[in-house]
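**Q** Okay, handing you the structure first.
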Amino acid sequence: MYISDCNYHRPKSVAETIEILNSSDNAAILAGGTDLLVEIKKGIRQHSDLVSLSDINELKIISEDNNNIYIGTAITHNEIIKSKVICQFLPCLSQTCAKIGSEQVRNMATIGGNICTAASCCDTAPVLLAYYASIEIASKEGNRTIPLKDFFVFNKKTTLKEGEIVTKIIVPKPSKGTGVHYEKFGLREAMSISVVSVAVNVTIENKVVANSCVIIGAVAPTPRISKNATDLLNGSNLSDLKEGSKILEKIGQAASNDSIPIDDIRGGAQYRRDILTTLTQRAILSAIRTG
Ligand SMILES: Cc1cc2nc3c(=O)[nH]c(=O)nc-3n(C[C@H](O)[C@H](O)[C@H](O)COP(=O)(O)OP(=O)(O)OC[C@H]3O[C@@H](n4cnc5c(N)ncnc54)[C@H](O)[C@@H]3O)c2cc1C
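Quick note on numbering: our numbering labels position 142 of the sequence shown as 898, and the sequence is numbered without any gaps.
Have a look at this one:
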């Protein structure tokens, strides 16, 4: 349970970070360390160089312009919860961060670390996907921006290449009439990893769902869009989307059909499918209420 010898770096800028990452064969970025250090201590990962983000102020900024919110990847979950801009424009993200781990974990753990670990059960990814987020990636070749949905490849696998760092999360400001809601089902209320999760984004115009997105989490190798649930939800009349209604049940079932859950210590595959059916319906009704 000890961390083996390694070089510890504390660069002051993204440029310096990229230089260090490219000068080592086996470096890892260290943000809050709540995933990485656990894996190193367990012997799952070994690195010759750890590059801490703790002194890089440019990664600790939340800003906005007319169209977007920009979240630096070294922002902690507790900083998200306290941010006025996030509370105003992305309240569901703030509420989601409050459901992560414990106070101590939220003080250390970053939003960048959460998406870069890319665990299928991570909590911020479904919500950021529901907000149609993109990420900015920096490397020695320059910066590139990709939709977050193209980042996740498999459980704990992303498209990030060696020598790259995720610097920003870019979230378009939701339009009027849009509601986003996240439902997390864990085995207890606090300090609990998601067994099943659903994030829903709905935009209502003239009492009809004009646009929507249903994201399912912890029930496939990556958080993913449930295309069938989204297709059914789009164009639905608000008056039909009531608790226990046929259409709502059908959408819940569609989300469940789009899942490919596994059996593990937290729950069986069928258990997850059943919960997902109900959770999806709940998330839709709550998203409509918040819109
Ligand atoms: C007790 C406990 C409870 C937890 N509960 C939850 C929970 O309820 N929900 C949940 O989703 N997670 C939970 N986690 C997991 C963890 O806290 C989160 O995933 C956290 O957000 C990870 O962030 P970090 O800053 O600690 O990342 P780190 O551990 O520092 O890094 C994680 C990975 O991301 C890479 N990385 C970090 N930042 C960047 C970057 N900017 N660019 C490129 N790569 C980067 C690192 O190299 C590493 O591979 C829990 C963990 C613990 C220990």
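Backbone N, C-alpha and C fix where the C-beta goes; we use that ideal spot for every residue, glycine too.
Sorry if obvious, but does the Cβ on Asp-906 come closer than 6 Å to a heavy atom of ligand 1?
**A** no
**Q** Are the region 971-988 and the region 1008-1017 touching by the rule of at least three beta carbon pairs closer than 8 Å?
**A** yes
**Q** Between Arg-1045 and Glu-920, what straight-line distance do the alpha-carbon atoms span, to the nearest angstrom?
**A** 40 Å
**Q** What's the gap between the Cα of Asp-1030 and the Cα of Val-807?
**A** Between Asp-1030 and Val-807, the C-alpha separation is close to 42 Å.
**Q** What are the uninterrupted segments assigned as alpha helix (DSSP H) that are 4 or more residues long and contained completely in the region 797-840, given in chain order?
**A** 833-838
**Q** Nearest to Ala-783 by alpha carbon, out of Glu-918, Lys-1002, Ile-1007, Ile-960?
**A** Glu-918
**Q** How is the beta strand (DSSP E) around Asn-863 delimited, first residue to last?
**A** Counting along the chain, Asn-863 falls outside any beta strand (DSSP E), though it belongs to the alpha helix (DSSP H) covering 859-864.
**Q** Considering only C-alpha positions, which residue in the set Ser-890, Thr-1036, Leu-1032 is nearest to Val-958?
**A** For the residues Ser-890, Thr-1036, Leu-1032, the minimum Cα distance to Val-958 belongs to Thr-1036.
**Q** So does the region 785-795 actually touch the region 860-869, counting three or more Cβ pairs closer than 8 Å?
**A** The answer is yes - the region 860-869 touches the region 785-795, with three or more Cβ pairs under 8 Å.
**Q** So, Gly-1024 versus Thr-934, is the Cβ gap smaller than 7 Å?
**A** no
**Q** Is the beta carbon of Val-965 less than 7 Å from the beta carbon of Val-956?
**A** no
**Q** Can you give the Cα-Cα distance for Ile-817 and Thr-829, rounded to whole angstroms?
**A** 9 Å
**Q** What residue range does the alpha helix (DSSP H) around Gly-869 cover?
**A** 867-873
**Q** I'd like to know whether the C-beta atoms of Leu-916 and Leu-904 end up nearer to each other than 7 Å.
**A** no
**Q** Candidates Glu-795, Val-936, Glu-772: which alpha carbon is nearest Lys-912's?
**A** Glu-795
**Q** Going by alpha carbons, who is nearest to Phe-1041 out of Ile-837, Cys-853, Ile-1003?
**A** What sits at residue 1041 in the sequence shown is Leu, not Phe. Nearest option by C-alpha distance: Ile-1003.
**Q** Quick one: Cα of Gly-991 to Cα of Ile-960, how far?
**A** 9 Å
**Q** Terminal residues of the continuous beta strand (DSSP E) containing Arg-900?
**A** Looking at the DSSP string, the run of the beta strand (DSSP E) that includes Arg-900 is 898-903.
**Q** Can you list, in chain order, the residues of its chain whose CB lies under 8 Å from that of Ser-850, leaving out five sequence neighbours each side?
**A** Ile-836, Ile-837, Ser-839, Ile-842, Cys-843
**Q** Going by the C-beta, is Gly-973 closer than 6 Å to any heavy atom of ligand 1?
**A** no
**Q** For Cys-969, which beta-bridge partners are listed by DSSP?
**A** Asn-957
**Q** Tell me whether Val-927 is buried or exposed, calling it buried when 16 or more other Cβ atoms sit within 10 Å of its Cβ.
**A** With 16 or more Cβ atoms within 10 Å of its Cβ, Val-927 is classed as buried.
**Q** Within 6 Å: the Cβ of Asn-899 and any heavy atom of ligand 1?
**A** Not under cutoff, so the answer is no.
**Q** Evaluate Ser-1028 with the Cβ neighbour count: other Cβ atoms within 10 Å of its Cβ, from every protein chain shown; 16 or more gives buried, anything less gives exposed.
**A** One detail in the question is off: residue 1028 reads as Arg in this sequence, not Ser. Arg-1028 should be labelled buried.
**Q** Alpha carbon to alpha carbon, what distance is there between Ser-779 and Asp-791?
**A** 24 Å
**Q** Which stretch, first to last residue, makes up the alpha helix (DSSP H) that contains Pro-882?
**A** 880-886
**Q** Taking 6 Å as the cut-off, is the CB of Cys-848 close to at least one heavy atom of ligand 1?
**A** no
**Q** Is any heavy atom in ligand 1 found nearer than 6 Å to the beta carbon of Thr-914?
**A** no
**Q** When you measure from the CB of Asp-811 to every non-hydrogen atom of ligand 1, does any distance come out below 6 Å?
**A** no
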